[in-house]
Amino acid sequence: MNFLFWYIALALIVILAFALNHNIKNLRQKSDKKSRFNSLPIHYAYCFVLWSLIFTIAIIFTSFSDFTKNILLVVFAIGNFFLIKFFHDRNFNSKKHIENAGTIVLSITAGIGILITIIITISILFEALRFFEKVNPLEFLFGTSWNPQMAITSEQEVGKSSFGSVPVFLGTLLITLIAMLVAVPVGIMGAIYLCLYAKAKTRDYLKPALEILAGVPTVVYGYFAVITIAPFFKNIFAVIGIGIASESALAAGFVMGVMIIPFMLSLTDDALNAVPQALKDGALAMGSTKSEMIKKVVLPSAMPSIVGAVILAVSRAIGETMIVVMAAGLVAKMTFNPLDSVTTATAQIVTLLVGDQEFNSPKTLAAFALALTLFIFTFIFNIIALMVIKNYKKKYG
Amino acid sequence: MARACLQIHLSLIFCKFLATFLKNFAAVLDILQKILQKNEQKFTKNQRQMNLKIGSRTIGNLKKRHAAESRFMLFGMISVGFALAFLLILFAMIFAKSNFYRSEIALEISVKEDDYRQAIKDAMRQRFPEATKLAEINSLYQLVSKAANLEIKEQIKKNPDLKIFWISAASKADMFFKHQNISSLNDNQIRWLSDLKTKNQVRKVFNWKFFTFADSREPEIAGIGAGLIGSFLVMVIFLIFAFPIGIMCAFYLEEFAPKNRFTDIIEISINNLAAIPSIIYGLLGLTVYLQFMNLPRSSSLVGGMTLFMLVLPVIIIATRNTIRSIPNSIRDGAAALGASKMQITLHHLLPLAVPGIMTGTILAISRALGETAPLLMIGMVAFIADIPQNFTDPTSVLPVQIYLWSDSPESGFAEKTAAAILVLLGFLIILNSAAIFLRKKFEIRW
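Pasting the structure below:
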């Protein structure tokens, strides 16, 4: 209830401060014309609003009792009438004050990007370090058996469960590889067709359709993988006579590849568009066919950016969660067979953390260790890719 | 006067000259074309002769090159076609699976003393008197939805004299009426249901409850109401935070920030945030919001604040691209008239950037509304049977609801999953096409 009162008081004081703006206009008309105001009337009003805003918030967040705060707010609101005289000083440079305050607010918002990165790093690092207190980091990095058990008391179960992350990351690698085998050729060839072959009208129809494909949520892709693609692969391999796991890496990787196609396509499209027209025209003038022009001139000059796009796609495939949670397996196996069921780091994080967990058991903390590794990998990949693309754009931009 | 006459005369002469020139030019072109055609024939003849001499170096090679050309183009078409075919298959599958109808059974019910459950049971036994054993009677009761008593209550409120009620069938029976699916029915139940069907006491109605009801253990009364409202609440929260902060951050980076190392670090971290796996944000929400700040678990407040971090870089990048495309002449013109930096930004750049900002924001919303993984991390997988009333109530969102139902072994949930996906995709397509429309309509090409 008190909060409601405070917010109403805050709003009222601010509106009051702004409304007093009219006084300054009257003042201006009455006074002699020779002396001029330093800033526009609106600047005086904004400055007054800012000033009262800061003080009202300061009052609300002080540690006084609620009653004192209420009285202070009322007193402050009445005091506003008298304080206006101070802001009506003609030599007061309110414009400068306002601009400085605005710049400070803007720079604070810009800091939020860094703040989020730091908080992510700290929170995951902190939990991962707690995990490494209980489990040897070497065992985590090089152990070949992943079998986290539900801990009843944390000391009892550590011996029985094993936290070697190699099979988990092997599974991630396998699924990522399959996804890339689908997404990279299709994405690049599709971008070449859209950018260099298709007519403008065809492109106008195709691009929104591909944007829809990019907008389909991953949970839908996961459902699609489970319902349609996995049985489809199972039937096909049954015809040939090869057994395939129902949660095969092939199905999950294939659908993930399809998910990445539009992403890959739009990045490659940007890269191809950035190649200067003069290079293309030069190649055509030398008598090369369009495909030769693309293969020998456009692709080599766009190659750095395309490589950057592939790296971004890889980092996206590594971090993709819902498809693998729904369509890939949960048991970590030391296998690189695409027909077998494998698990990935993201799927493991979800299975370890979903549901009520105690936060001290190594089983729960293991998820943070996996997440830290994931974060470091994707961070490095992203930075490399972004640098490559940026340098490329500088070269031709 | 004489001068004007002269001018007219001169211009007439000029026109005549031009006309004759064009005529002659056309004739010359005609002749040239004929000559060229002849020459071309000669040229190709020569070429063939040359080929005979040098071997199949040019013509044969040219054929090969043209074949490679068309092959290359075909590959491009195939890959675009592959993506489109996949899109079509996906939509076809989901359309085929989804079903927005439910079955209702007609029963003659007489309600005594407001005990609707008992009334339904009595009516069922009256309708099928052959069920005598306890097991048979139990399997008879299973054919009617568990929420049927509420339906009767509503119908009686509307019309107290009603004798024959339409009540919704249980999921098993519903599956039987729709797909002849008898996997979870016993012989008696199949006989009774077929009897109902032959006597036309079954009808299909559009399932409006699907949009208003919350999740349930019974597929026939489970709905996406809680998911829809939860998604909306989450969207409100992340927009309140991300929209102003994102725009301000973008304007700072483009217009105010000095070029130094700190700005570079901000740029790198924002670009990196856009590409980080979304599940990492979920872990951040789990540790910071739930463990550290003790906010209510699986509430839309926490969900929104988690998705805020996901949306922020998208909005920032879109806004920055828009600001960058505004030409410097606008800034210079305003500055020349004495506007300060803040005035240039607020009075000139911001209004010009609004269409781009809106497009970017809509795309960010459509991305965040489909996001599932980070919300699983903050405990949104809980079974929510109530529609959330405020921001701190436990909520479900639409994609999480889809995930939960797709995991369920009951066949009744399969069509619900597909229907929910269809609703979600419908929303996202509307959002995306709104973004495309905005871009086409309001985009200013400088």
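Line order of the protein sequences matches chains A and B. Note that the working numbering has the first sequence beginning at 1, numbered continuously upward. Note that the working numbering has the second sequence beginning at 398, numbered continuously upward. Backbone N, C-alpha and C fix where the C-beta goes; we use that ideal spot for every residue, glycine too.
Determine the closest residue to A/F18 out of A/A9, A/F5 and A/I42, with distance taken between C-alpha atoms.
Your numbering for residue 18 of chain A matches position 18 in the first sequence. Among A/A9, A/F5 and A/I42, the Cα nearest to that of A/F18 belongs to A/I42.
Residue environment, B/T789, which counts as buried when at least 16 other CB atoms sit within 10 Å:
Your numbering for residue 789 of chain B matches position 392 in the second sequence. Flag for B/T789 reads exposed.
Which same chain residues, not among the five before or five after B/K560, have their C-beta less than 7 Å away from its C-beta?
Indexing the second sequence from 1 puts residue 560 of chain B at position 163. Here the set comprises E505.
Could you pull the start and end residues of the alpha helix (DSSP H) that B/L772 belongs to?
Translated into positions along the second sequence, residue 772 of chain B becomes position 375. Its alpha helix (DSSP H) spans residues A770 to M774.
Going by C-alpha to C-alpha distance, which of A/V14, A/L177 and A/L138 sits closest to A/N337?
Translated into the one-based positions of the first sequence, residue 337 of chain A becomes position 337. Nearest option by C-alpha distance: A/L177.
B/I451 at chain A interface by Cβ criterion, 7 Å:
If you number the second sequence from 1, residue 451 of chain B lands on position 54. Low per-residue confidence applies at B/I451: pLDDT is 48, beneath 50, and the placement is therefore not dependable, though the value from the model is reported in the following sentence. Chain A, which has no Cβ nearer than 7 Å to the Cβ of B/I451, makes this no.
So the alpha helix (DSSP H) B/E510 belongs to, where does it begin and stop?
Counting from 1 along the second sequence, the entry for residue 510 of chain B is found at position 113. Going by DSSP, B/E510 is part of no alpha helix (DSSP H) at all; its letter is neither H nor E.
Selection from B/S697, B/F653, B/F640 and B/Q786 that minimises the alpha carbon distance to B/G757
As a position in the second sequence, residue 757 of chain B is number 360, starting the count at 1. Checked all of B/S697, B/F653, B/F640 and B/Q786; the closest Cα to B/G757 is B/F640.
Which residues of chain A have a Cβ atom closer than 9 Å to the Cβ of B/E466, listed in chain order?
By one-based count along the second sequence, residue 466 of chain B stands at place 69. By Cβ distance, chain A contributes T289, K290, S291 and E292.
Pick helix, strand or coil for B/R694, following the three-state DSSP scheme.
Against the second sequence, residue 694 of chain B aligns to sequence position 297. DSSP places B/R694 in coil when its eight states are reduced to three.
Would you call the region 210-221 of chain A and the region 240-247 of chain A touching, i.e. three or more CB-CB distances under 8 Å?
Taking one beta carbon from each stretch, the region 210-221 of chain A and the region 240-247 of chain A have fewer than 3 pairs nearer than 8 Å; the two do not touch.
Establish whether the CB of B/S763 and some CB of chain A are separated by less than 7 Å.
Position 366 of the second sequence, counted from the first residue, corresponds to residue 763 of chain B. By this cut-off, B/S763 is an interface position.
Secondary structure at A/W146, three-state DSSP: helix, strand or coil?
Your numbering for residue 146 of chain A matches position 146 in the first sequence. In the three-state DSSP reduction, A/W146 falls in the strand class (E or B).
Determine, using beta-carbon pairs with one atom in the region 616-624 of chain B and one in the region 787-803 of chain B, whether at least three such pairs fall under 8 Å.
Short answer: they touch.
Which residues in chain B sit within 9 Å of A/I438, going by Cβ to Cβ distance?
Nothing can be reported for residue 438 of chain A: it is not among the residues displayed for chain A, which extend from 1 to 397.
Going by DSSP, which residues form a beta bridge with B/A503?
Against the second sequence, residue 503 of chain B aligns to sequence position 106. In the DSSP assignment, B/A503 is bridged to B/W563.
Cross-chain neighbours of B/P796 in chain A, by beta carbon under 7 Å:
Residue 796 of chain B sits at position 399 when you count from the first residue of the second sequence. Within 7 Å Cβ-Cβ: P217 and V219.
For B/S722, which residues in the same chain have their Cβ closer than 7 Å to its Cβ, ignoring the five residues on either side in sequence?
Mapped onto the second sequence, residue 722 of chain B falls at position 325. Sequence-distant partners of B/S722 (beyond 5 residues in either direction) whose C-beta falls short of 7 Å from its own C-beta, in its chain, are W843.
Helix, strand or coil at A/V216 according to DSSP, with G and I counted as helix
Counting from one through the first sequence, the residue named residue 216 of chain A turns up at place 216. If DSSP states are grouped into helix, strand and coil, A/V216 belongs with coil.
Does the beta carbon of B/Y686 come closer than 7 Å to any beta carbon on chain A?
Residue 686 of chain B sits at position 289 when you count from the first residue of the second sequence. Not a single C-beta of chain A is nearer than 7 Å to the C-beta of B/Y686.
Give the C-beta separation of B/F648 and B/T742 to the nearest angstrom, bearing in mind that I take them to be a contact with Cβ-Cβ under 8 Å.
On the second sequence, residue 648 of chain B is found 251 positions in, with the first residue counted as 1. On the second sequence, residue 742 of chain B is found 345 positions in, with the first residue counted as 1. Indeed they touch by this definition, with Cβ atoms about 6 Å apart.
Let me check understanding here. Comparing Cα to Cα, which of A/V166, A/I108 and A/F263 lies closest to A/I311?
Translated into the one-based positions of the first sequence, residue 311 of chain A becomes position 311. For A/I311, the closest alpha carbon among the candidates A/V166, A/I108 and A/F263 is that of A/F263.
Anticipated Cβ contact below 8 Å, A/L398 with B/V477, distance rounded:
Residue numbering for chain A in the displayed model covers 1 to 397; residue 398 of chain A lies beyond these limits and cannot be assessed.
Which first and last residues belong to the beta strand (DSSP E) in which B/F603 is found?
As a first step, residue 603 of chain B is located in the second sequence; it is residue number 206 there, counting from the start. It spans V599 to F603 - the beta strand (DSSP E) in which B/F603 sits, taken as one unbroken run.
So if I threshold CB-CB distances at 7 Å, which residues from the region 632-651 of chain B count as touching chain A?
From the region 632-651 of chain B, only I642, M645, C646, F648, Y649 and L650 have a Cβ closer than 7 Å to chain A.
For A/L106, which option in B/L540, B/I644, B/K554 and B/F483 has the closest C-alpha, if you only look at C-alpha atoms?
Counted from its first residue, the first sequence places residue 106 of chain A at position 106. That would be B/I644, whose Cα lies nearest to the Cα of A/L106.
Using the rule of at least 16 other Cβ atoms within 10 Å of the residue's Cβ for burial, across every protein chain shown, is B/F810 buried or exposed?
Counted from its first residue, the second sequence places residue 810 of chain B at position 413. Buried is the call here.
Per DSSP, what are the beta-bridge partners of A/F163 in this structure?
Position 163 of the first sequence, counted from the start, is the residue given in the question as residue 163 of chain A. A/F163 pairs with A/W146.
Helix, strand or coil for A/V158 per DSSP?
Here the question's residue 158 of chain A lines up with position 158 in the first sequence. Low local confidence applies: a pLDDT of 49 at A/V158 is under 50, so the model's placement there is unreliable, with the coordinate-based value given in what follows. It is helical.
Considering only the beta carbon of each residue, do A/T289 and B/E466 sit closer than 7 Å?
Position 289 of the first sequence holds residue 289 of chain A. Position 69 of the second sequence holds residue 466 of chain B. Cβ distance < 7 Å, so A/T289 and B/E466 count as in contact.
Quick check on A/F233 - is its C-beta less than 7 Å from some C-beta in chain B?
Start at 1 with the first residue of the first sequence, and residue 233 of chain A comes out as number 233. So, not an interface residue.
Can you check whether the C-beta of A/S154 is within less than 7 Å of a C-beta belonging to chain B?
Position 154 of the first sequence, counting from 1, holds the residue named residue 154 of chain A. Note on A/S154: pLDDT 49, under 50, position unreliable in the model; the coordinate value appears next. Not closer than 7 Å to any Cβ of chain B, the Cβ of A/S154 fails to qualify, so no.
Take B/I451 and list the residues in its own chain whose beta-carbon comes closer than 7 Å to its own, dropping the five residues that flank it on each side.
In the second sequence, the residue the question calls residue 451 of chain B occupies position 54. Bear in mind that the predicted position of B/I451 carries a pLDDT of just 48, short of 50, making it too unreliable to give a figure here.
Residues of chain B with a CB under 8 Å from the CB of A/G319: which are they?
Taking the first sequence and counting its residues from 1, one reaches residue 319 of chain A at position 319. The answer, in chain order, is I673, P674, S675, I676 and I677.
Using Cβ-Cβ distances below 8 Å, what residues of the region 98-118 of chain A are close to chain B?
From the region 98-118 of chain A, only I98, E99, G102, T103, V105, L106, S107, T109, A110, G111, I112, G113, I114, I116 and T117 have a Cβ closer than 8 Å to chain B.
Please list, in chain order, all residues of the same chain as B/S628 whose beta carbon is under 7 Å from its beta carbon, the five residues on each side excluded.
As a working mapping, residue 628 of chain B is identified with position 231 in the second sequence. Apart from sequence neighbours up to five positions away, the residues of its chain that approach B/S628 with a beta-carbon distance below 7 Å are L766, V794 and L795, ordered along the chain.
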